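Here's the structure, in structure tokens; my notes come after.
Numbering (the working numbering), first residue to last: 2 to 372.
Listed below in structure tokens is the structure:
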């Protein structure tokens, strides 16, 4: 354990290696290549997602509206979250990694269309709203209404990447009408009225992407992504025993040929056949959940598995929750060292180390790991 204290479609024209791009633009092809630059989220002014139909579907399916937490996150939670993110930034910079942070944003402002009105959310989790494939950075059509304008807090950074040669795209802004969320609470997948998905529904493996159908990603979202990426990429849809939102507390790609999976949600049969030859290791149960009282847990967006949400600096080094000693042992048994850090409020915010980061530059080439 280290003691360091993280006419084809235009997409088809992506370069095959970072040397072919210009300047310091975006370049990231998978979840594990050596990290060069990253965006780390900003918890300031964070609010719980407004308890509208989109929030109930995405985060609190089956919960009555009066049981969904509302308003600003507690000030001490925001303060400690920023302390922990600042410690991660310091650690990453000490490893020679460039770190960018989004602007602080007035999330208490009203977000509205002619069909609905809601409040903002946060910019704590850049992983949720941007998908990087090679030198493309894609704003995704998020499911929660309060995230409709969240990308604005990253606009300064996006303009920098555009000027440096990145290809910046935005998915069609979804209408997010009430009818999209008229779903079975036991299987809360938004209806296929329009493409909706969070970027964190997607796991990147070079030319192949694993897309989770869930409360924040429908089948039409996968179709849109495949259509715009074109034949150079393959989008593989999966469904797992999980009614929550994102894939990265269930399936983690550590390096080519090795997946870390959640034992409560994932079996090999649930994964696409492309993984038949890959080794799957299962995470031990998370430890430390008993530190939270019932009031804290009633306001928490994430599950106890949020601490499985690790972030790769390279195929041999990951940032992981320092208290997860059983998980650290498993990783080290497979030749992966760890940087042990802490996000004290990952559970309340619903975001661990992978969620709170967006790797925008890694070494390596765009490869095909399955042929």
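Even for Gly, the Cβ is constructed at its ideal location relative to N, Cα and C. This one's a predicted model, so the numbers in the text were calculated from it and none came from an experiment.
(request) Just mark residue 200 as buried or exposed, buried being the case when its beta carbon has 16 or more other beta carbons within 10 Å. (result) Here the question's residue 200 lines up with position 199 in the chain shown. Label assigned to residue 200: buried.
(message) Which of the three DSSP states is assigned to residue 90 in this structure?
(response) Along the chain shown, one-based indexing puts residue 90 at 89. Note: residue 90 maps to helix in three-state DSSP.
(request) Identify, in the order they occur along the chain, each residue of the same chain with its Cβ nearer than 7 Å to the Cβ of residue 104, setting aside the five sequence neighbours on each side. (result) In the chain shown, residue 104 corresponds to position 103, counting from 1. Answer for residue 104: 154 and 157, listed in chain order.
(message) Just to confirm my understanding: we take residue 24, look at its own chain, exclude 5 residues before and 5 after, and list those with CB closer than 7 Å. What are they?
(response) Here the question's residue 24 lines up with position 23 in the chain shown. Any reading at residue 24 must be qualified, since the residue scores a pLDDT of 49, below 50, and its modelled position is unreliable; the value itself is stated next. Excluding sequence neighbours, residue 24 sits near 165 and 166.
(request) Would you kindly check if the distance between the Cβ of residue 205 and the Cβ of residue 32 is under 9 Å? (result) Indexing the chain shown from 1 puts residue 32 at position 31. Indexing the chain shown from 1 puts residue 205 at position 204. At the C-beta level, residue 32 and residue 205 come within 9 Å of one another.
(message) If I follow the unbroken alpha helix (DSSP H) through residue 296, where does it start and stop?
(response) What you label residue 296 is simply residue 295 of the chain shown in a count that begins at 1. Its alpha helix (DSSP H) spans residues 295-299.
(request) Pull up the CB-CB distance for residue 58 and residue 198, whole angstroms please, since I reckon it's below 8 Å. (result) The residue labelled residue 58 in the question sits at position 57 within the chain shown. The residue labelled residue 198 in the question sits at position 197 within the chain shown. Contact flag wrong, Cβ pair sits at about 13 Å.
(request) Return helix, strand or coil for residue 222, following the three-state DSSP convention. (result) Translated into the one-based positions of the chain shown, residue 222 becomes position 221. Helix at residue 222.
(message) Just to check my reading of the structure: residue 362 and residue 27 have Cβ atoms closer than 8 Å, yes? What is that Cβ distance to the nearest angstrom?
(response) Here residue 362 refers to the residue found at position 361 of the chain shown. Here residue 27 refers to the residue found at position 26 of the chain shown. Yes, they are in contact, since the Cβ atoms of residue 362 and residue 27 sit about 7 Å apart, within 8 Å.
(message) Quick check: the stretch 125-132 against the stretch 54-68, are at least 3 beta-carbon pairs closer than 8 Å?
(response) no
(message) I need the DSSP call for residue 169, collapsed to helix, strand or coil.
(response) Counting from 1 along the chain shown, the entry for residue 169 is found at position 168. Reduced to three states, the DSSP call for residue 169 is strand.
(request) Give the straight-line distance between the Cα atoms of residue 324 and residue 93, rounded to the nearest whole angstrom. (result) Counting from one through the chain shown, the residue named residue 324 turns up at place 323. Counting from one through the chain shown, the residue named residue 93 turns up at place 92. So the two alpha carbons sit approximately 19 Å from each other.
(request) Return the residue from the list 370, 346, 372 and 369 that minimises the CA-CA distance to residue 86. (result) Taking the first residue of the chain shown as position 1, residue 86 is located at position 85. Comparing Cα positions, the closest option is 346.
(message) Is it buried or exposed, residue 133, if we count other Cβ atoms within 10 angstroms and call 16 or more buried?
(response) Indexing the chain shown from 1 puts residue 133 at position 132. The residue in question, residue 133, is buried, as its Cβ has 16 or more Cβ neighbours within 10 Å.
(request) Assign residue 254 to buried or exposed, taking buried as 16 or more other Cβ atoms, counted over all protein chains shown, within 10 Å of its Cβ. (result) Residue 254 sits at position 253 when you count from the first residue of the chain shown. Classification of residue 254: buried, given that the 10 Å Cβ count is 16 or more.
(request) Please determine, among 79, 89, 75 and 99, the residue with the shortest C-alpha to C-alpha distance to residue 377. (result) The chain is shown from 2 up to 372; residue 377 falls before or after that span and cannot be answered.
(request) Note down the Cα distance separating residue 260 from residue 282, rounded to an integer number of angstroms. (result) Mapped onto the chain shown, residue 260 falls at position 259. Mapped onto the chain shown, residue 282 falls at position 281. For residue 260 and residue 282, the distance between alpha carbons rounds to 6 Å.
(request) Following the continuous alpha helix (DSSP H) through residue 329, name the residue where it begins and the one where it ends. (result) One-based indexing of the chain shown puts residue 329 at position 328. Unbroken alpha helix (DSSP H) run through residue 329: 326-334.
(request) Please look up how many angstroms separate the CB atoms of residue 318 and residue 338, rounded, as I've assumed it's under 8 Å. (result) Within the chain shown, the letter at position 317 stands for residue 318. Within the chain shown, the letter at position 337 stands for residue 338. At roughly 5 Å, the Cβ-Cβ gap stays under 8 Å, so residue 318 and residue 338 are in contact.
(message) Between the alpha carbons of residue 316 and residue 36, how many angstroms are there, rounded?
(response) Here residue 316 refers to the residue found at position 315 of the chain shown. Here residue 36 refers to the residue found at position 35 of the chain shown. For residue 316 and residue 36, the distance between alpha carbons rounds to 10 Å.
(message) Rounded to whole angstroms, what is the Cα-Cα separation between residue 268 and residue 241?
(response) If you number the chain shown from 1, residue 268 lands on position 267. If you number the chain shown from 1, residue 241 lands on position 240. So the two alpha carbons sit approximately 8 Å from each other.
(request) Measure how close the beta-carbons of residue 202 and residue 218 come, nearest whole angstrom, since I'm counting them as under 8 Å. (result) As a working note, residue 202 is residue 201 in the chain shown. As a working note, residue 218 is residue 217 in the chain shown. Between the beta-carbon of residue 202 and that of residue 218 there is about 4 Å, and that keeps the pair under the 8 Å contact cut.
(message) So, for residue 61: in the same chain, excluding its five sequence neighbours on each side, which residues have a beta-carbon less than 8 Å away from its beta-carbon?
(response) Taking the first residue of the chain shown as position 1, residue 61 is located at position 60. The residues are 52, 68 and 69.
(message) Going by C-alpha to C-alpha distance, which of 280, 63, 65 and 79 sits closest to residue 349?
(response) For this step, residue 349 is matched to residue 348 along the chain shown. Of the listed residues, the one whose Cα sits closest to residue 349 is 79.
(request) Round the Cβ separation of residue 342 and residue 88 to the nearest angstrom and send it over; I've been treating them as touching at under 8 Å. (result) Position 341 of the chain shown, counted from the first residue, corresponds to residue 342. Position 87 of the chain shown, counted from the first residue, corresponds to residue 88. About 6 Å; that satisfies the 8 Å criterion.
(message) What does the alpha-carbon distance come out to for the pair residue 142 and residue 177?
(response) In the chain shown, counting from the first residue as 1, residue 142 sits at position 141. In the chain shown, counting from the first residue as 1, residue 177 sits at position 176. Approximately 10 Å, taken between the alpha carbons.
(request) Determine which residues share a DSSP beta bridge with residue 256 and list them. (result) Here residue 256 corresponds to residue number 255 of the chain shown, with the count starting at 1. Answer by DSSP bridge pairing, in chain order: 259.
(request) Compare the Cα-Cα distances from residue 284 to each of 95, 208, 308 and 314 and report the closest residue. (result) In the chain shown, residue 284 corresponds to position 283, counting from 1. It is 308 whose Cα lies nearest to the Cα of residue 284.
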